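Protein chains: 2
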Amino acid sequence: MAQNQKSGRVTIKEVAEDAGVSVAAVSKVLREAYGVSEALKTKVRASMKKLNYRPLATARGMRGQTFTIGVTFPDLRNPFFADILAGINSALERTQYQLMLGVSLSTPLIEETLIDSMIDRQMDGLILVGTTVNPAFLEPTASRKPLVTIGHHVEGESSFDTVNNDDRLGAILVVRHLVANGYRKIAMLSLNSTTSTLITEREHGYRQAMGDHGLQEHVQILRVGQTLREVQTATRRLLQSPDKPDALFCWTDFIALEVISIATELGLAIPDDLAVVGYDNTMYCDFAQNNLTSVDQSGEVLGLQSARLLIERIRGRQEAEHFVVTPRVVARGSSLAVGGRGMGQGS
Amino acid sequence: MAQNQKSGRVTIKEVAEDAGVSVAAVSKVLREAYGVSEALKTKVRASMKKLNYRPLATARGMRGQTFTIGVTFPDLRNPFFADILAGINSALERTQYQLMLGVSLSTPLIEETLIDSMIDRQMDGLILVGTTVNPAFLEPTASRKPLVTIGHHVEGESSFDTVNNDDRLGAILVVRHLVANGYRKIAMLSLNSTTSTLITEREHGYRQAMGDHGLQEHVQILRVGQTLREVQTATRRLLQSPDKPDALFCWTDFIALEVISIATELGLAIPDDLAVVGYDNTMYCDFAQNNLTSVDQSGEVLGLQSARLLIERIRGRQEAEHFVVTPRVVARGSSLAVGGRGMGQGS
DNA sequence: CTGAAAGCGCTTACAG
DNA sequence: CTGAAAGCGCTTACAG
Numbered sequence: 001m002a003q004n005q006k007s008g009r010v011t012i013k014e015v016a017e018d019a020g021v022s023v024a025a026v027s028k029v030l031r032e033a034y035g036v037s038e039a040l041k042t043k044v045r046a047s048m049k050k051l052n053y054r055p056l057a058t059a060r061g062m063r064g065q066t067f068t069i070g071v072t073f074p075d076l077r078n079p080f081f082a083d084i085l086a087g088i089n090s091a092l093e094r095t096q097y098q099l100m101l102g103v104s105l106s107t108p109l110i111e112e113t114l115i116d117s118m119i120d121r122q123m124d125g126l127i128l129v130g131t132t133v134n135p136a137f138l139e140p141t142a143s144r145k146p147l148v149t150i151g152h153h154v155e156g157e158s159s160f161d162t163v164n165n166d167d168r169l170g171a172i173l174v175v176r177h178l179v180a181n182g183y184r185k186i187a188m189l190s191l192n193s194t195t196s197t198l199i200t201e202r203e204h205g206y207r208q209a210m211g212d213h214g215l216q217e218h219v220q221i222l223r224v225g226q227t228l229r230e231v232q233t234a235t236r237r238l239l240q241s242p243d244k245p246d247a248l249f250c251w252t253d254f255i256a257l258e259v260i261s262i263a264t265e266l267g268l269a270i271p272d273d274l275a276v277v278g279y280d281n282t283m284y285c286d287f288a289q290n291n292l293t294s295v296d297q298s299g300e301v302l303g304l305q306s307a308r309l310l311i312e313r314i315r316g317r318q319e320a321e322h323f324v325v326t327p328r329v330v331a332r333g334s335s336l337a338v339g340g341r342g343m344g345q346g347s
Numbered sequence: 001m002a003q004n005q006k007s008g009r010v011t012i013k014e015v016a017e018d019a020g021v022s023v024a025a026v027s028k029v030l031r032e033a034y035g036v037s038e039a040l041k042t043k044v045r046a047s048m049k050k051l052n053y054r055p056l057a058t059a060r061g062m063r064g065q066t067f068t069i070g071v072t073f074p075d076l077r078n079p080f081f082a083d084i085l086a087g088i089n090s091a092l093e094r095t096q097y098q099l100m101l102g103v104s105l106s107t108p109l110i111e112e113t114l115i116d117s118m119i120d121r122q123m124d125g126l127i128l129v130g131t132t133v134n135p136a137f138l139e140p141t142a143s144r145k146p147l148v149t150i151g152h153h154v155e156g157e158s159s160f161d162t163v164n165n166d167d168r169l170g171a172i173l174v175v176r177h178l179v180a181n182g183y184r185k186i187a188m189l190s191l192n193s194t195t196s197t198l199i200t201e202r203e204h205g206y207r208q209a210m211g212d213h214g215l216q217e218h219v220q221i222l223r224v225g226q227t228l229r230e231v232q233t234a235t236r237r238l239l240q241s242p243d244k245p246d247a248l249f250c251w252t253d254f255i256a257l258e259v260i261s262i263a264t265e266l267g268l269a270i271p272d273d274l275a276v277v278g279y280d281n282t283m284y285c286d287f288a289q290n291n292l293t294s295v296d297q298s299g300e301v302l303g304l305q306s307a308r309l310l311i312e313r314i315r316g317r318q319e320a321e322h323f324v325v326t327p328r329v330v331a332r333g334s335s336l337a338v339g340g341r342g343m344g345q346g347s
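Line by line, the protein sequences are chains B and F. Letter 212 of the first sequence, counting from 1, is numbered 212 in full-length UniProt numbering, and no numbers are missing. Letter 221 of the second sequence, counting from 1, is numbered 221 in full-length UniProt numbering, and no numbers are missing.
Have a look at this one:
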């Protein structure tokens with residue numbers, strides 16, 4: 001009866017008929033627009049409820065908003081993204097915005113397709129986590145849609161907001177921590193991305209800190225892909241070389257856990273033969289079998305702030321804002337030799 | 001010029017003008033509909049390319065399809081879902097369908113909202129992974145949208161397709177494996193869900209297998225939530241009780257890794273004092289520090305098949321199909337006491 | 001405060 | 001094979 005035969009959906013027209021008002025009036029109630037009498041509001045709301053009306057987001061998007069926010073993640077294997085999502089979720093909880101996620105498989109081309117397809121679906125705003133797309137793609141996109149990035153560093157960006165932890169400082173803190181615990185030959189296991197600015201920042205911080213501690217001769221950066229096999233091959237080679245480092249700083253926890261596995265298989269004791277440090281301080285760090293020292297950048301805060309900034313953008317803010325979290329090292333067993341290491345405590 | 005001022009978007013109308021044909025003709029080329037001359041096709045395609053035309057999915061959805069497939073996951077913490085996603089992705093690679101993900105935080109109410117909002121966004125079909133919503137909600141939803149579930153068991157379901165591994169058999173294989181390795185007091189760490197049929201199946205298999213091996217007196221099922229704190233509290237209590245089991249079968253890897261951590265902290269040796277077995281055979285099982293025996297249910301196959309079935313449904317198939325994968329135990333160090341256990345090898 | 005009408009960008013019968 | 005027109009379910013000026 002009141003239902004559209006085709007889709008089984010109640011439309012705004014049916015609500016209007018039921019309430020005895022115009023379609024425009026129902027629309028106004030829906031949007032909580034100004035200039036509607038309480039009486040009409042009450043009537044319309046009653047009909048909506050009675051008919052179990054749900055506005056069609058796609059139709060709303062034709063003229064107005066879809067109330068959809070798109071979030072892109074590089075992958076689903078890195079548990080850090082769950083923390084970010086939790087933050088975004090809690091920021092959006094009391095709003096009418098709905099989250100839709102996309103995964104780019106850390107591939108710039110797939111990510112561009114994904115972003116385009118989110119715009120084709122009229123999403124009201126985008127949060128890009130750990131984006132790898134070209135700036136030449138990002139700029140025009142941002143000029144057309146409210147956009148916030150997490151984990152992307154750009155100097156004086158004005159067309160979109162950014163949310164970051166201070167990745168350079170994070171790396172500096174790691175080196176400082178390792179040096180304070182007697183490690184000297186500190187290598188870095190980095191990502192072989194050509195576009196990740198987050199990686200650039202961490203590498204920069206690592207180099208800088210090594211220099212500051214007079215350890216430039218030990219600077220060694222391995223840039224490796226994310227597949228298990230690549231990490232294994234590179235790490236095995238490094239740890240079996242005559243020039244084996246005594247500490248390995250990994251760009252993310254997930255990779256650090258693999259390193260612990262490989263080192264263990266090679267018969268190396270952690271942290272005595274090798275210290276391992278990760279980044280992101282994900283829940284796996286706390287597990288006794290990992291006991292992984294890591295850098296906390298508070299994914300939940302990053303997620304929360306990005307959603308907050310995005311909503312502001314959607315509501316009309318024009319000037320860019322850049323939110324930065326200060327990272328901190330959470331020291332655990334993987335870098336704390338019992339009673340300190342024999343060598344190098346003199347600094 | 002050729003661009004719509006407002007959104008900076010090229011519309012089908014502008015393509016039609018550029019190509020000197022009607023809007024309907026462009027639409028037909030877009031949909032690869034029958035009855036279009038090669039000459040017209042070529043012309044239109046050239047204009048599309050030249051103007052960099054992208055159809056607006058929301059507008060297409062008003063009459064036809066949006067070419068969007070919605071996938072719901074319980075959470076982003078369980079690495080198993082990355083495997084499923086990989087399978088779905090590879091099935092959709094050569095199609096024009098775009099994936100949009102939603103996360104329900106293992107909460108039925110949030111999941112229902114999520115599903116509704118995906119329908120409001122005119123998604124062409126839905127894949128529900130580890131759904132927890134009520135059948136009373138699922139049935140009417142499935143009658144309106146093509147739907148496939150992964151990890152949801154229903155007897156003779158006819159309104160949607162299901163893709164599963166044989167969860168009952170999986171549990172049976174675990175008990176059999178543990179018994180063969182000398183364990184007797186085998187407890188199960190399960191999930192306190194009231195709606196998960198997957199859990200019911202695994203519990204059933206566990207009970208049945210324990211009975212088959214004459215171990216009904218040792219049947220012990222702990223139903224616990226997914227938060228770290230809940231798992232910790234329950235596991236600590238269990239492992240410190242006088243009636244401590246000698247093996248613990250965990251409903252998913254992620255929980256099993258926590259159990260390994262807790263047991264380690266309590267000074268229990270794995271697998272000598274306690275065997276631990278997980279489910280899903282995620283990549284973490286292979287890490288030397290975990291070395292976790294687990295049940296492989298091939299998430300990638302589950303994902304691939306679900307996408308395949310969904311596309312068939314969208315294309316019009318009416319009869320339900322039910323795909324089942326046979327699970328297998330992947331034995332690792334967490335359940336293989338060196339040289340076998342002293343007791344109970346007599347069976 | 002309320003409503004009739006136009007319009008968003010597509011697809012879908014229906015003529016020709 | 002091609003196109004003019006109606007329509008999908010909303011929102012947006014614009015009258016009243």
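Glycine included, every Cβ here is placed at the ideal spot set by N, Cα and C. For clarity, every value in this text was computed on a predicted model and none was experimentally measured.
{"Asked": "Evaluate Asp83 of chain F with the Cβ neighbour count: other Cβ atoms within 10 Å of its Cβ, from every protein chain shown; 16 or more gives buried, anything less gives exposed.", "Found": "buried"}
{"Asked": "Which stretch, first to last residue, makes up the alpha helix (DSSP H) that contains Ala256 of chain F?", "Found": "Asp253 to Glu265"}
{"Asked": "With a threshold of 8 Å between beta-carbons, can Val329 of chain B be considered close to chain F, or not?", "Found": "no"}
{"Asked": "Do the region 202 to 221 of chain F and the region 172 to 188 of chain F touch if we need at least three Cβ pairs shorter than 8 Å?", "Found": "yes"}
{"Asked": "For chain B, find out if any of its Cβ atoms is closer than 8 Å to the Cβ of Ser117 of chain F; answer yes or no.", "Found": "yes"}
{"Asked": "Where Ala234 of chain B and Val224 of chain B are concerned, what is the direct C-alpha to C-alpha distance, given to the nearest angstrom?", "Found": "7 Å"}
{"Asked": "Report yes or no: do the region 81 to 95 of chain B and the region 107 to 120 of chain B share at least 3 C-beta pairs separated by less than 8 Å?", "Found": "no"}
{"Asked": "Could you please give me the residues that DSSP links to Arg223 of chain B through a beta bridge?", "Found": "B:Ser190"}
{"Asked": "How would you label Ser306 of chain F, buried or exposed, when you count the other beta carbons within 10 angstroms and need 16 or more for buried?", "Found": "buried"}
{"Asked": "Secondary structure at Asp286 of chain F, three-state DSSP: helix, strand or coil?", "Found": "helix"}
{"Asked": "For a test of the three-state rule: what should DSSP assign to Leu138 of chain B, helix, strand or coil?", "Found": "helix"}
{"Asked": "Would residue 354 of chain B and Lys145 of chain B be called neighbours here (beta carbons separated by less than 8 Å)?", "Found": "Chain B is shown only over 1 to 347; residue 354 of chain B falls outside these bounds and no answer can be derived."}
{"Asked": "Does DSSP put Asp305 of chain B in a helix, a strand or coil?", "Found": "Correcting the residue type first, residue 305 of chain B is Gln in the shown sequence and not Asp. Helix."}
{"Asked": "Please look up how many angstroms separate the CB atoms of Asp280 of chain B and Ser294 of chain B, rounded, as I've assumed it's under 8 Å.", "Found": "6 Å"}
{"Asked": "Ends of the beta strand (DSSP E) at Asp296 of chain B?", "Found": "Ser294 to Asp296"}
{"Asked": "Look at the alpha carbon of Gly316 of chain B and the alpha carbon of Val174 of chain F, and state the distance between them as a whole number of angstroms.", "Found": "57 Å"}
{"Asked": "Taking 8 Å as the CB-CB cut-off, is Ala275 of chain B touching chain F?", "Found": "no"}
{"Asked": "Put Asp161 of chain F into one of helix, strand or coil per three-state DSSP.", "Found": "strand"}
{"Asked": "Should Arg77 of chain B be labelled buried (16 or more other beta-carbon atoms within 10 Å of its own) or exposed?", "Found": "buried"}
{"Asked": "Name the residue from F:Ile199, F:Gly20 and F:Ala59 whose alpha carbon lies nearest to the alpha carbon of Thr42 of chain F.", "Found": "F:Gly20"}
{"Asked": "Mapping the DSSP letters down to three states, classify Met48 of chain F as helix, strand or coil.", "Found": "helix"}
{"Asked": "Would you say the beta carbon of Glu321 of chain F comes nearer than 7 Å to a heavy atom of the ligand PLP?", "Found": "With respect to the ligand PLP, the structure offers nothing, as it holds no ligand at all."}
{"Asked": "Could you tell me the distance, in whole angstroms, from the CA atom of residue 384 of chain F to the CA atom of Met123 of chain B?", "Found": "In the structure as shown, chain F starts at 1 and stops at 347, and residue 384 of chain F therefore has no counterpart that could be examined."}
{"Asked": "Any Cβ of chain B within less than 8 Å of the Cβ of Ala82 of chain F?", "Found": "yes"}
{"Asked": "Which residues in chain F sit within 8 Å of Pro108 of chain B, going by Cβ to Cβ distance?", "Found": "Correct list: empty, because the minimum Cβ distance to chain F is about 16 Å."}
{"Asked": "I want to verify the contact list: residues of chain F whose CB lies under 8 Å from the CB of Gly182 of chain B, in sequence order.", "Found": "Within 8 Å Cβ-Cβ: nothing; Gly182 of chain B doesn't reach chain F, min ~23 Å."}
{"Asked": "Which same chain residues, not among the five before or five after Gly87 of chain F, have their C-beta less than 8 Å away from its C-beta?", "Found": "Gly299, Glu300, Val301, Leu302, Gly303, Leu304, Gln305, Ser306 and Ala307"}
{"Asked": "Buried or exposed for Thr227 of chain B, please, with buried defined as at least 16 other CB atoms from any protein chain shown within 10 angstroms of its CB.", "Found": "exposed"}
{"Asked": "I need the straight-line Cα distance from Leu238 of chain B to Val71 of chain B, nearest angstrom please.", "Found": "36 Å"}
{"Asked": "Could you give the distance in angstroms between the alpha-carbon of Leu310 of chain F and the alpha-carbon of Gly125 of chain F?", "Found": "7 Å"}
{"Asked": "From the DSSP output, in three-state form, read off Leu274 of chain B for me.", "Found": "coil"}
{"Asked": "Can you find a CB in chain B that lies within less than 8 Å of the CB of Met48 of chain F?", "Found": "no"}
{"Asked": "With a CB to CB cut of under 7 Å and the five nearest residues on each side skipped, what residues in its chain are close to His322 of chain F?", "Found": "Asp161 and Thr162"}
{"Asked": "Give me the Cα-Cα distance between Ala331 of chain F and Gly156 of chain F, rounded to the nearest whole angstrom.", "Found": "33 Å"}
{"Asked": "Quick one: what's got a C-beta closer than 8 Å to Thr326 of chain F's C-beta in the same chain, skipping five residues either side?", "Found": "Asn165, Asp166 and Leu169"}
{"Asked": "Do the CB positions of Val44 of chain B and Ala25 of chain B come within less than 8 Å of each other?", "Found": "yes"}
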